[in-house]
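For the sequence shown, the positions run 0 to 179 when numbering that gives the first Met the number 0 is used. For every residue, glycine included, the Cβ atom is placed at its ideal position computed from N, Cα and C.
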Amino acid sequence: MANLTKALLAETLMDMLRGKSLDKITIQDITDRCGLNRNTFYYHFDNVHDVIEWIFTLGADQILDKCIKTGDMETAIDEAAKVLYEHRESIFNIMNSVERKNIEDFIYDYLDEKLKMIILKMADNPNPDEEAVREVAILCKYSIAGSILKWIDDGMPEISDASVRNLCGIFMKVINRALS
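Laid out in structure tokens, this is it:
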């Protein structure tokens with residue numbers, strides 16, 4: 000039941016973000032639209048930023064966990080781009096708010112641990128140096144997050160399959176060269 004309520008609050012916020020900046024949405028707006036009270040919101044989240052982090056983590060975990068399990072970075076990047084593109088109006092209204100810096104910091108922190116797991120899965124070397132894995136993860140984290148943020152700032156134009164393949168090829172070369 001708790002996850003259903005969290006999902007309702009998150010879905011309501013995302014729906015509201017289709018037509019309104021994050022800066023203009025209050026907890027009261029969300030709870031009024033859901034038919035819930037503010038205490039219910041605070042039972043699940045501390046603030047609106049927490050809702051955004053929960054939504055992002057839930058979606059990204061599904062995509063990246065599949066990437067870790069299968070070792071298929073190309074599909075993960077393609078799926079992530081499609082999900083972000085599908086919610087582009089909401090994304091713009093989040094990223095064009097005063098919360099942008101906090102969202103960026105969250106993305107970088109989130110990618111830190113996940114990328115280490117992906118790199119270990121994808122590396123040709125079964126026993127890579129731990130320091131090298133950390134350094135490659137940092138490089139990939141800033142490359143991926145920077146590319147995503149730039150793509151958002153550029154209006155989220157459609158991404159070609161060839162671009163995704165090229166990006167994945169570059170990452171694989173970097174991973175395997177650094178960890179060999």
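**OP:** Compute the Euclidean distance between the alpha carbons of Glu134 and Arg17, then round it to the nearest angstrom.
**Re:** 38 Å
**OP:** Pair every Cβ in the segment 89 to 109 with every Cβ in the segment 13 to 28, then say whether three or more of these pairs are closer than 8 Å.
**Re:** yes
Original post:
Who are the near neighbours of Tyr41 in its chain, counting only those whose CB is closer than 7 Å to its CB and skipping five residues on each side?
Top reply: none
**OP:** Please go through the segment 33 to 74 and give each complete alpha helix (DSSP H) segment of 4 or more residues, from N-terminal end onward.
**Re:** 37 to 43, 47 to 69
Original post:
Is DSSP giving Val132 helix, strand or coil here?
Top reply: helix
Original post:
Cα separation between Leu138 and Ala131?
Top reply: 11 Å
Original post:
By the 10 Å Cβ neighbour count, where 16 or more other Cβ atoms means buried, how is Val97 classified, buried or exposed?
Top reply: exposed
Subject >> Of the listed residues Met155, Asp64, Ala59, nearest to Met116 (C-alpha basis) >> reply: Asp64
Original post:
How many angstroms separate the CA atom of Leu3 from the CA atom of Leu110?
Top reply: 26 Å
Original post:
If we ignore side chains and look at the alpha-carbon of each, how far apart do Ala122 and Arg176 end up?
Top reply: 9 Å
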